[in-house]
Amino acid sequence: MKNKFKLNSSTLLVFILTTGVFGIINTEMGVIGILPLIAENFQVTVPEAGWTVSIFALVVAISAPITPLLFSGINRKKVMILALGLFTLSNIISMMTTNFTVLLISRALPAFLHPVYVSMAFTVAAASVSKEKAPKAVAKVFIGVSAGMVLGVPVTSYIASEVSYSMSMLFFTVVNALVLVATILFVPSMPVKEKLSYGTQLSVLKKKVVWYSILAITLINGALFGFFSYMSDYLKTITGVSYTVISTMLLIYGLANIIGNVIAGKQLAVNPVRSMIMIPLALLAFYIGVFAFGEWLMAMAVIILILGVLAGYGQNTMQYMITHAAPEALDFANGLYLLSANLGTTVGAAVCGLFITFFNTRYSVIGSLVFLVLSIVFVVLRIRATQSERQIRMEMAA
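Quick note on numbering: the UniProt record's numbering labels position 17 of the sequence shown as 17, and the sequence is numbered without any gaps.
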């Protein structure tokens, strides 16, 4: 009976964390689909409305390595309540304000706690189950990330177009508020048993394996989001399909992310090294396929589906890569994951954009190929560094 209760408790906890991450990612990404409506509502241009996305992403990138470190010694339940409370309050302000500056501030403030909640969700999910089941628990939280990205934009866009901008903000508010209530009622107090000093956590940056992981994550995510940033343009310009077909293919790509999350959770628990090697190699092969078969709709539909699965699989693998490089400072390691992923997204989009500027849209995928070739080098170095550390520990224990 006791084991059954423990299982149910961990299952409920992971579900709450997954839904919480969904609400936070939904708040971040959902506004992408309603930028014209924001521009109309606040009497600004669409590029100016785009700052509602940019300012959130910028704050996340800046705070990702800092705020998880600062909050690492505080009771995790209290931190989650603080983050969800701030997101709920900020969404209420976004819903009610008529001032664009206030809207931007209400977008920026919760973004500071975005890395805290997401990194803590990964850490708590992994700790709620046995070590062998940790990758599967983390994979479930990643489903919240994928769902937030996949469902956030179309659902928000639908609510805004069918009802109003304010109601789309209410949608964000309700999701975050429900998770806040669930956290207060059902999540147990989680005081940090052994508080690590900031110096101890920062000391993981002395490890080569951590830097190899950071560089590998930056490059792999740069490849993924470098091309994804221009996927719609690629499908329109090179494949020559309608916007309706593009929307469908993007939805398929997003849903495939969730499938990739589930597969990764199982495979990482069995053979993580194989997953680390497989992801950049598989992505390399299918991005070559994008370049070679870009004009063929059926080929592209299959490739986009597989790339979606690999993207979801890759996100889990990258998070595993850095947290297992620095298991002694998991919150900080998860913050480094978010920093590396955001940095990769920014640099990847810029580099792939340069290929479009100097050549044409077809060559945007070349940027991703360059990133992947480089990433393979650092993945191999990361695996070798881990094996060397393990060998040294075995020799010292002998």
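Built from N, CA and C at the ideal position, the CB exists for glycine as well.
On a predicted model such as this, the values are computed, not experimentally measured, just so you know.
Residue i - DSSP class collapsed to helix/strand/coil
i           : result
residue 28  : helix
residue 51  : helix
residue 300 : helix
residue 190 : coil
residue 136 : helix
residue 78  : helix
residue 5   : Per-residue confidence for residue 5 stands at a pLDDT of 35, beneath the threshold of 50, marking its modelled position as unreliable; the derived number appears in the next sentence. Helix at residue 5.
residue 230 : coil
residue 20  : helix
residue 113 : coil
residue 284 : helix
residue 124 : helix
residue 10  : helix
residue 404 : In the structure as shown, the chain starts at 1 and stops at 398, and residue 404 therefore has no counterpart that could be examined.
residue 398 : For residue 398, the predicted structure reports a pLDDT of 45, less than 50, and the residue's modelled location is therefore unreliable. A value from the coordinates is still provided. Correct three-state label for residue 398: coil.
residue 92  : helix
residue 98  : coil
residue 142 : helix
residue 45  : coil
residue 240 : coil
residue 207 : coil
residue 162 : helix
residue 349 : helix
residue 271 : coil
residue 197 : coil
residue 294 : coil
residue 65  : coil
residue 15  : helix
residue 108 : helix
residue 71  : coil
Check whether residue i and residue j have beta carbons under 9 Å apart
i           : j           : result
residue 213 : residue 321 : yes
residue 243 : residue 362 : no
residue 279 : residue 310 : yes
residue 364 : residue 356 : yes
residue 31  : residue 52  : yes
residue 266 : residue 137 : no
residue 296 : residue 239 : yes
residue 26  : residue 88  : no
residue 170 : residue 95  : yes
residue 33  : residue 229 : no
residue 68  : residue 378 : no
residue 269 : residue 135 : yes
residue 123 : residue 334 : yes
residue 50  : residue 35  : yes
residue 381 : residue 208 : yes
residue 326 : residue 204 : yes
residue 108 : residue 66  : no
residue 251 : residue 376 : no
residue 128 : residue 14  : yes
Buried or exposed by the 16-neighbour rule on C-beta atoms within 10 Å, applied to residue i
i           : result
residue 398 : Low confidence applies to residue 398: its pLDDT is 45, below 50, so where it sits in the model is not reliable, and the reading given next is rough at best. Result: exposed.
residue 261 : buried
residue 17  : buried
residue 179 : buried
residue 72  : buried
residue 126 : buried
residue 248 : exposed
residue 271 : exposed
residue 337 : buried
residue 253 : buried
residue 115 : buried
residue 315 : buried
residue 167 : exposed
residue 359 : exposed
residue 191 : exposed
residue 198 : exposed
residue 188 : exposed
residue 298 : exposed
residue 350 : exposed
Contact with chain B by residue i, beta-carbon distance below 9 Å
i          : result
residue 17 : Among the chains of the structure shown, chain B does not appear; only one protein chain is present.
Point to revise | contact_flag[the segment 83–100, the segment 216–229] where n(CB pairs < 8 Å) is 3 or more | key: no
Review point. Taking one C-beta from the segment 338–353 and one from the segment 60–67 each time, how about it: are there three or more such pairs within less than 8 Å?
Key: yes
Review point. Taking one C-beta from the segment 13–21 and one from the segment 133–152 each time, how about it: are there three or more such pairs within less than 8 Å?
Key: yes
**Study point:** Inter-stretch contact at 8 Å, needing at least 3 Cβ pairs: the segment 70–90 / the segment 156–169
**Key:** no
Practice item. Could you tell me whether the segment 179–195 touches the segment 293–313, using the rule of 3 or more Cβ pairs below 8 Å? Key: no
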